[in-house]
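*Asks:* Starting off with a structure, shown below.
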Amino acid sequence: MFSTTLEYALRAVTWLAAHPDEPATATRIAEATLVPEDYLSKVLQQLARAGVVDSQRGRNGGFRLARPASEISMLTVVNAVDPIPRIQTCPLGLKEHGVNLCPLHRRLDDAYSLVERAFASTTLDELIAGGKQHLPLCATGLEVLHAR
Numbered sequence: 271m272f273s274t275t276l277e278y279a280l281r282a283v284t285w286l287a288a289h290p291d292e293p294a295t296a297t298r299i300a301e302a303t304l305v306p307e308d309y310l311s312k313v314l315q316q317l318a319r320a321g322v323v324d325s326q327r328g329r330n331g332g333f334r335l336a337r338p339a340s341e342i343s344m345l346t347v348v349n350a351v352d353p354i355p356r357i358q359t360c361p362l363g364l365k366e367h368g369v370n371l372c373p374l375h376r377r378l379d380d381a382y383s384l385v386e387r388a389f390a391s392t393t394l395d396e397l398i399a400g401g402k403q404h405l406p407l408c409a410t411g412l413e414v415l416h417a418r
């Protein structure tokens, strides 16, 4: 249901939320989250354009969250890279339906709405707080090497 781009964006921002003290390069984030660096660079650019992350060039540069993790919802990240499609008019183009969705498409849109609400009410801070009691949200490159 969700794109690879969204998966990678969520991995990156949750990693940044868990490491707020210093900016991290795309290379470091890619290694830590097991995301291809070229792909991650594009995702980080999208997140920067949307104001989710800040980037700074130079020797001490890198990426960091633009706001505290407690102020960034999952929905903000979703909307930055791959918004959830909502059904506004009949997807089949039936003129008699127009904006009055049939029961099938109304239920589908209601499901999208539930997902949006769940994501809107979940902050990055909550995601990393849950990860401290359980396994990491994603394995780091170091963990993968030790598992071999």
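Following the numbering used here, the numbering of the sequence shown begins with 271 at its first residue and continues without gaps.
C-beta: ideal position from N, C-alpha, C; glycine also.
At what residues does the beta strand (DSSP E) containing PHE333 begin and finish?
*Replies:* For this step, residue 333 is matched to residue 63 along the sequence shown. Looking at the DSSP string, the run of the beta strand (DSSP E) that includes PHE333 is 332-335.
*Asks:* By Cβ distance, which residues of its chain are closer than 6 Å to LEU397, with the 5 residues on each side in sequence left out?
*Replies:* Locating residue 397 in the sequence shown gives position 127, counting from the first residue. The answer, listed in chain order, is THR284.
*Asks:* Roughly how many whole angstroms lie between the Cα atoms of LEU317 and TYR309?
*Replies:* Position 47 of the sequence shown holds residue 317. Position 39 of the sequence shown holds residue 309. Approximately 13 Å between the Cα atoms of the pair.
*Asks:* Among the candidates ALA288, SER391, THR359, whose CA atom is the shortest distance from the CA of VAL348?
*Replies:* Residue 348 sits at position 78 when you count from the first residue of the sequence shown. Answer by Cα proximity: SER391.
*Asks:* If you run the structure through DSSP and keep just helix, strand and coil, what is ASP324?
*Replies:* The residue given as residue 324 occupies position 54 in the sequence shown. Here ASP324 sits in strand by DSSP.
*Asks:* Which whole-angstrom value is the C-beta distance of GLN272 and MET344, which I expect to be below 8 Å?
*Replies:* Within the sequence shown, the letter at position 2 stands for residue 272. Within the sequence shown, the letter at position 74 stands for residue 344. According to the sequence provided, residue 272 is Phe. The question's Gln does not apply to it. 11 Å between Cβ atoms; not a contact.
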